[in-house]
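Following the working numbering, the numbering of the sequence shown begins with 98 at its first residue and continues without gaps. Each residue gets a CB set at the ideal place from its N, CA and C atoms; glycine is no exception. On a predicted model such as this, the values are computed, not experimentally measured, just so you know. First up is the structure itself, then whatever we jot down about it.
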Amino acid sequence: MKIFERLKIEFKKKQLKNKDYLFLFEEPPEDEFVAFDTETTGLNPKEDDILSIGAVKIKNNQILLSERFYQLVKPVKEINEESIKIHGLRKKDLENGIDVYEAIDKFVRFVGNRTLVGYYIEFDIAMINKYFKKLSGTTLPNRYIDISGLYYDYKIGIIPQGNVDLRLDTIIKDLDIPTFGKHDALNDAIITAMIFLKLKSI
């Protein structure tokens, strides 16, 4: 681990107010990851809310479908029609959702100290941290990997000075990744995991 990264984690540990989350600061297991995705009311972490979280564990280059996480979240504010077109979650779909802080706690305990994997992951982490910081006093210390960055590095090596299309649909098609009919946070997390393993093996 780089010195700067270690110092950043130590700073977060000092900020920790809820000692129940000390397990997050343990050394992560080798070759274990959690791919995850969130569905939200918009793209502004400061103003928008989480509607669902999906995640799946990866161990020894295998996606553990038996160890998956999916949670609907009861919205804090009214959902507008524009956001429904994106995530497809209507008010009645979320009636059985749980409180966002309970959902974040469950998600964090599912993840543990594993490295996180996502597509443009900094947005999803910002959404999680919005609530996790209120629960713990700090932000997630987990290492993370962005598959859009991995894909860019892979493509730019093949087509230097070319424009790399980082849209998810393009990446899926180019890497010949199978897709599922239903678009939700869990299926997107599984697709993310498949892309990650494919790029890891190239």
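- Between the segment 228 to 240 and the segment 254 to 265, the count of C-beta pairs closer than 8 Å stays below three; the two stretches do not touch.
- Counting the other CB atoms within 10 Å of its CB gives Y118 a total of 16 or more, which places it among the buried residues.
- Non-local beta-carbon contacts of K230 in its own chain, meaning distances under 7 Å to residues more than five positions away in sequence, involve T236 in chain order.
- In the three-state reduction of the DSSP assignment, T289 falls in the helix class.
- Here the alpha carbons of K99 and E136 stand approximately 32 Å from one another.
- Looking from the CA of L169, the closest CA among A282, N226 and I292 belongs to A282.
- Put simply, the backbone Cα of A152 is about 18 Å away from that of K295.
- Non-local C-beta neighbours of T289 in its own chain, meaning closer than 7 Å and more than five positions away in sequence, comprise A132, D134, V214, G215, Y216 and I244, ordered along the chain.
- In the three-state reduction of the DSSP assignment, E199 falls in the helix class, which pools H, G and I.
- With contacts defined as CB atoms closer than 9 Å, F277 and F130 fail to qualify as a contacting pair.
- C-alpha of F166 to C-alpha of I255: approximately 36 Å in a straight line.
- CA-CA distance, K116 to F122, rounds to 11 Å.
- In this model, R206 and K174 are separated by some 26 Å (Cα to Cα).
- Boundaries of the beta strand (DSSP E) harbouring F130: E129 to T137, taken from the DSSP string.
- Distances from the CA of Q159 to each of I150, D128 and K143 were compared; the closest alpha carbon is that of D128.
- The Cβ-Cβ distance between N239 and P125 falls below 9 Å.
- Remark: C-beta atoms of P172 and L148 approach each other more closely than 9 Å.
- For G259, there is no enclosing beta strand (DSSP E), as DSSP gives it neither H nor E.
- The three-state reading of DSSP puts L161 in strand, counting E and B together.
- For L148, there is no enclosing alpha helix (DSSP H); the enclosing beta strand (DSSP E) covers residues I147 to K156.
- Here K154 has V131, L161 and E164 as same chain residues with Cβ atoms under 6 Å from its own Cβ, once five neighbours each way along the sequence are excluded.
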